[in-house]
Amino acid sequence: MEELDTITITFEDGEETDFYVLEQTTLMGVNYYLVTPADADEDDEELECFILKENANESDEEYGEYSFVEDEKELDSLSKIFDELMEDSDMGVEF
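Heads up: the sequence shown begins at 3 in the numbering used here, then just goes up one per residue.
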């Protein structure tokens, strides 16, 4: 797998998990990221993927906070966009 950017998510229980960023898009001024867990098995035919939303942060931090997209309509729309963006990729993705 080529070198990919990573995003680290810290869950409420304090556990941190790294995700590889497979693709990124901006919709109505909001950044969305198609990610897969960094510990995913590269040999799997299809990678389990999630869509993260970058939440605007009022602090002066370089990067905002991220949350998983859970709204069905938003997820459906973004899945179609990411499917199209990943069309030329040799990676099979599964949402």
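The beta-carbon is built from N, C-alpha and C at its ideal position, and this holds for glycine as well.
None of the values given here were measured: they were computed from a predicted structure.
Own chain partners of residue i with C-beta closer than 7 Å, once the 5 adjacent residues on each side are dropped
i, result
"E25", "L36, F84, L87, M88"
"A40", "T8, D20, F21, Y22"
Between the CA atoms of residue j and residue i - distance to the nearest angstrom
i, j, result
"E76", "Y34", "11 Å"
"S79", "T28", "13 Å"
"E18", "T12", "4 Å"
"E67", "D90", "29 Å"
"V32", "D73", "15 Å"
"D15", "C51", "22 Å"
Cβ-Cβ distance between residue i and residue j below 7 Å
i, j, result
"A58", "L49", "no"
"T10", "Y22", "no"
"S69", "K82", "no"
Exposure label - residue i; buried when at least 16 CB within 10 Å
i, result
"V71", "buried"
"I53", "buried"
Cutoff 8 Å; reference residue i; Cβ partners in own chain excluding five residues on either side
i, result
"D62", "With a pLDDT of 45 at D62, under the threshold of 50, the modelled position of that residue is not reliable, and no figure is offered here."
For residue i, the first and last residue of its enclosing beta strand (DSSP E)
i, result
"F13", "No beta strand (DSSP E) contains F13, which DSSP labels as neither H nor E."
"L36", "32-39"
"L6", "Where L6 is concerned, there is no enclosing beta strand (DSSP E), given that its DSSP letter is neither H nor E."
Boundaries of the alpha helix (DSSP H) in which residue i is found, first to last residue
i, result
"E74", "74-87"
Any chain B beta carbon closer than 7 Å to residue i
i, result
"L36", "Included in the structure is just one protein chain, with no chain B present."
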